[in-house]
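Student: In order, the protein sequence lines correspond to chains B and L. Numbered per my numbering, the first sequence spans residues 2 to 444. Numbered per my numbering, the second sequence spans residues 617 to 968. Backbone N, C-alpha and C define an ideal beta-carbon position, used for all residues, glycine too. Source: prediction; values computed, not measured.
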Amino acid sequence: MYVALVSAGVFLNSHAAEIDSSTEAFLEIPRPAEFHVEITERDGPVFANSNGKTLYKWPLHKLRNGYSGEPPGTPMCYDEVVTVTAGFMSPYPPGIKLPEPEERLSCTELWPPVVAKDNAEEIGKWTVVERRDGSKQWAYEEQPLYTSVRDHFAGDVIGGSTRRYGGDSPAYRVPIGPPSQLPPGFAVRTTTVGRMLTSDKNESIYEFEGDTAAIINCINACLNNWRPVVAPALARAQGEWDLLERSPGVRQWVYRGKPLYTHILDTKSWSQQGSDVPGWTNVFTQRAPSFPQSFTVQSSIAGDVLADVNGRTIYVYRCGEDSIDQLACDHPEDTQIYRLAMCGAGNPAKCLQHWPYLIAGANETSVNRSWRIITIDPKTGRLASNEGEGNLRVWSYRDRPVYLFGGDSRPGDVNGGGTGEWRGQRNGLKAFWLRDDFMNGIL
Amino acid sequence: MSRLAYLTISMALTFWSTGISVIADESILRDGKISYVMTDLFWSVYQTSEGNQECPRGYNDGPREQFEKLFPAHEYLTVEETQLKQEIATWHPNADPEEFEFFEVEGELSWGLNLDGEVGPNDFVHPDGSVGIDNEVYRAVGCIIGFRGPDGVEYIFQNKAIIDRVYNRMMIQLADVDSLENDDSVTVNWFRGMDRLLTDATGQKAMSGGTQRIDRRWGESLIRQSTGKIEDGILTTDPIDELVIPWMNLSVPSVHIFRDARLQLNLSSEQATGLLAGYADVDTWYYQLIRNDSTHHLSNGQISGISLYKALRRLADAYPDADLGHNTAISTALDIKMTQVYVVDPLEENSE
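1. Could you tell me which residues DSSP puts in a beta bridge with residue 1 of chain B?
2. Does residue 154 of chain B pass the burial test, meaning 16 or more other C-beta atoms within 10 Å, or should it be called exposed?
3. Does any residue of chain B have a CB that is nearer than 8 Å to the CB of residue 865 of chain L?
4. If contact means a Cβ-Cβ distance below 7 Å, which residues of the region 698 to 718 of chain L contact chain B?
5. Is DSSP giving residue 153 of chain B helix, strand or coil here?
6. Select from the region 682 to 694 of chain L all residues with a C-beta closer than 7 Å to any C-beta belonging to chain B, and list them in chain order.
7. Drop a sphere of 10 angstroms on the beta-carbon of residue 427 of chain B, count the other beta-carbons inside from all chains shown, and report buried for 16 or more, exposed for fewer.
8. Would the beta-carbon of residue 107 of chain B fall within 8 Å of that of residue 81 of chain B?
9. Going by DSSP, what residue range makes up the alpha helix (DSSP H) through residue 802 of chain L?
10. Got a sec: which bits of the region 284 to 305 of chain B sit with their beta carbon under 8 Å from any beta carbon on chain L, in order along the chain?
11. Could you tell me how far apart the beta carbons of residue 908 of chain L and residue 424 of chain B are, in whole angstroms, since I believe they sit closer than 8 Å?
12. Classify residue 901 of chain L as helix, strand or coil using the three-state DSSP reduction.
13. Measuring only the C-alpha atoms, how far is residue 429 of chain B from residue 798 of chain L?
14. Does the distance from the CB of residue 838 of chain L to the CB of residue 826 of chain L come in under 8 Å?
15. In chain order, what are the residue ranges of uninterrupted alpha helix (DSSP H) at least 4 long that sit wholly in the region 354 to 412 of chain B?
16. At 7 Å on the CB atoms, spell out the chain L contacts of residue 415 of chain B, in chain order.
17. Check the C-beta distance from residue 436 of chain B over to residue 273 of chain B and give it rounded, since I have them as a contact under 8 Å.
18. Are any of the Cβ atoms in chain B nearer than 8 Å to that of residue 832 of chain L?
19. Taking the C-alpha atoms as reference points, what is the distance between residue 139 of chain B and residue 175 of chain B?
20. In chain L, which residues lie less than 9 Å from residue 248 of chain B when you measure between Cβ atoms?
21. Report, in whole angstroms, the separation of the C-beta atoms of residue 722 of chain L and residue 670 of chain L, which I expect to be a contact under 8 Å.
22. Could you check whether residue 950 of chain L and residue 657 of chain L sit closer than 8 Å to each other, using their CB atoms as the reference points?
23. Helix, strand or coil, according to DSSP, for residue 123 of chain B in the structure here?
24. In or out: residue 817 of chain L buried (at least 16 other Cβ within 10 Å) or exposed?
25. Considering only their Cβ atoms, is the gap separating residue 58 of chain B from residue 168 of chain B smaller than 8 Å?
26. Within this structure, are the beta carbons of residue 263 of chain B and residue 230 of chain B separated by less than 8 Å?
27. Between residue 890 of chain L and residue 948 of chain L, is the Cβ-Cβ spacing less than 8 Å?
28. Name the chain L residues whose beta carbon is nearer than 8 Å to that of residue 99 of chain B?
29. Using the C-alpha atoms, what's the distance from residue 208 of chain B back to residue 954 of chain L?
30. With H, G and I counted as helix, E and B as strand and the rest as coil, what does DSSP make of residue 102 of chain B?
31. Which value, in whole angstroms, describes the spacing of the CA atoms of residue 940 of chain L and residue 929 of chain L?
32. Using a threshold of 8 Å, state whether the C-beta atoms of residue 441 of chain B and residue 870 of chain L are closer than that.
33. Is there a C-beta anywhere in chain L that falls below 8 Å from the one on residue 263 of chain B?
34. Output, in chain order, the set of chain B residues within a Cβ distance shorter than 8 Å of residue 910 of chain L.
35. What does residue 46 of chain B pair with, by DSSP beta-bridge criteria?
36. Quick one: is residue 925 of chain L buried, meaning 16 or more other Cβ sit within 10 Å of its Cβ, or exposed?
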């Protein structure tokens, strides 16, 4: 069935040719000249400083016994080295001495504040806040800004992520960026499979391979299961977004040349269930960076999970200290005390049995900034030089090694997921999920 | 009068007198099949008032109480010496002797079944007088507050998860059924469903008559088949060698594995209630618990994972492993409630 395209001043075909469909379009908003936008692999567009370093905020986050992070307009990250626990996470009390006191870094050594010059001019959502010593710091939407020492290249978001995190996770640092170029009623969410387009009610958005911007084939019985995303009367085409008239007075949103739908049979937010229907796929503003070619995707009893060449599930380690500054402990340059406790009762040899690193093949090379091969000293868990005897070339995700679990024996086993403190959220391991039909939007 | 004639007349009278459709048991059978979906599942814990009979010495301490006793001056100690020491003991448990006195159930009575057909010195007596009841999980958890109803944290949240989480949506389909009252041979199929439960307006009470699609995308490995019989409305199934029950309460997909698993269910056209019993794999049992419930959650129920693992290993009574030198499974019984449901098989074969 042919439906007339209402182009509203934009010729989609010619326009589409200009669009880089691999990355996400964003709205230009007023900003200080010293900052610009970087397109990242996983988190879409982010703001960065003149060196290309991503800017992060540290939002207030409710924990079990209090709040951590920063209230609007109030820097909380300073140069004192924190030495005792905060007692945010029961049942353990505050005041216990934190590990490796002589090697501990302060918050600002890991998260340098984004300093504002004395003559810095506030603009739009960008303001200047005063630190305790009287120095000035940039803020965005009143959240003080920092960079991460873990980021090394323009577009890195190694320090944090915009992925959703739960109440028992640490108070993470989160990259900031410009608003996505979306019509009202839409949203974008960072997941392990890409920047997923949804409605503002978290309904997944789908497209049908049989449709084009001018031809719709989802009609009649097809509409029993698929609901066109209808645009309001005043909606106008813009950028990658266009409109078509399904029937007189009923206009449907079109994104990158494909009419958009929700799936009536989806049973949960951010669902991928509709993509099981032949010809239908979720819509992403940009796909997640490719994983190594040797990796596989396995079906488990809870969804699809990333696995190695033999089908063994891949796990990531997460760690955040129970300290007032909520510093991470999941990077090979962080203390390894927590990880070694969890994976091997403090014994590195046991860790290699229970949670072996995913060793990179001799001919494999790093794929992108998200999936890199790094060298680890297995005795310490720290980054090592390539030449060291016994060092391991291992796969890493966001510069953190990934692991297999000794208790998994068959493809699709996820027996290690949730191992560690707080169901693997604070000092433990979680499976690398690619599809979530059961876990309330865990991707 | 034949049973069929009786039912027919009974139904007609009911229609005539009330105008409401009341369906006799057998009429709900479709091609000799009826299905039920699980709505409640929890470890059978025989309780007396204040635990006087089964826990005369009181209830066990949990992680918070143990931490305070072990580290009264924690401010002088490090994370490695305190918190991580306890977490290591939790995640790398052993069966070494207890540092704390652990209160096992001391009473003689327990819910459950005689799994091994024998009567031994460690067996319980059923409240109805039956002997030889095997339920060592009860002996381990019966004096832990978190496992006791109606307020125990595990009792509340694990049961709640059975209703709330589609991941846990196990169901049985009885096939080759002639009568829900008596049938000397029926087939019992286990599947996972993939839909929300039909509930009343509160959303909490499951209603019969809903529909569930069989999960053939993710749940194929959970499918099992066994046989059984119905006597006086009670279904008793033959043991399944290994039944896997998916059980997630806090977003960590995990399972319980039951060896020699069997059902004893009181059947009606609307529900099936009774027991699921068998031998639980000890390690799977333990890690299901601690992967879903952090030490914080366990503390709320005064559940010390460290002590509980020792008890499970100490009381394990089946499936000895010669290499390991100890039993790997422990007898158990679970209270189970199921409600009638219509099953749709995406393969379009066994749909009701």
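Tutor: Taking the geometry as given:
1. Since the first and last residues shown for chain B are 2 and 444, residue 1 of chain B lies out of range.
2. Counting every other CB atom within 10 Å of its CB across the protein chains shown gives residue 154 of chain B a total below 16, marking it as exposed.
3. Not closer than 8 Å to any Cβ of chain B, the Cβ of residue 865 of chain L fails to qualify, so no.
4. Flagged, chain order: 698, 699, 700, 703, 704, 707 and 708.
5. In the structure shown, residue 153 of chain B falls within a coil segment according to DSSP collapsed to helix, strand and coil.
6. Hits within the stretch, in order: 683, 690, 691, 693 and 694.
7. That one is buried.
8. Yes, the pair counts as a contact, with Cβ atoms nearer than the cut-off.
9. First-last for residue 802 of chain L: 799 to 808, but that is the beta strand (DSSP E), not the alpha helix (DSSP H).
10. Hits within the stretch, in order: 300, 301, 302, 303 and 304.
11. A Cβ-Cβ separation of about 7 Å places residue 908 of chain L in contact with residue 424 of chain B under the 8 Å criterion.
12. Reduced to three states, the DSSP call for residue 901 of chain L is helix.
13. Distance between the alpha carbons of residue 429 of chain B and residue 798 of chain L is about 52 Å.
14. No, they are not a contact pair.
15. Listed in chain order, the alpha helix (DSSP H) elements of length 4 or more contained wholly in the region 354 to 412 of chain B amount to none.
16. Result: 869.
17. Taking C-beta atoms under 8 Å as the contact rule, residue 436 of chain B and residue 273 of chain B qualify, at a distance of about 5 Å.
18. No, residue 832 of chain L does not count as interfacial toward chain B.
19. One alpha carbon belongs to residue 139 of chain B, the other to residue 175 of chain B, and they sit about 15 Å apart.
20. Within 9 Å Cβ-Cβ: nothing; residue 248 of chain B doesn't reach chain L, min ~32 Å.
21. About 6 Å separates the beta carbon of residue 722 of chain L from that of residue 670 of chain L, a gap short enough to meet the 8 Å contact definition.
22. Yes, Cβ-Cβ distance for residue 657 of chain L and residue 950 of chain L is below 8 Å.
23. When DSSP states are grouped into helix, strand and coil, residue 123 of chain B belongs to the coil group.
24. Flag for residue 817 of chain L reads exposed.
25. In this structure, residue 168 of chain B keeps its C-beta atom at 8 Å or more from the C-beta atom of residue 58 of chain B.
26. Using a Cβ distance threshold of 8 Å, residue 263 of chain B and residue 230 of chain B count as a contacting pair.
27. It is not a contact, given that the beta carbons lie outside the stated cut-off.
28. In chain order: 694 and 695.
29. If I take the Cα positions, the gap works out to 39 Å.
30. In the displayed model, residue 102 of chain B falls within a helix according to three-state DSSP.
31. Answer to the nearest angstrom: the Cα atoms are 12 Å apart.
32. Not in contact: residue 441 of chain B and residue 870 of chain L (Cβ atoms no closer than 8 Å).
33. Residue contact with chain L for residue 263 of chain B: absent (no Cβ-Cβ distance below 8 Å to any residue of chain L).
34. The answer, in chain order, is 169, 422, 423 and 424.
35. According to DSSP, residue 46 of chain B bridges with B:40.
36. Buried, since its Cβ has 16 or more Cβ neighbours within 10 Å.
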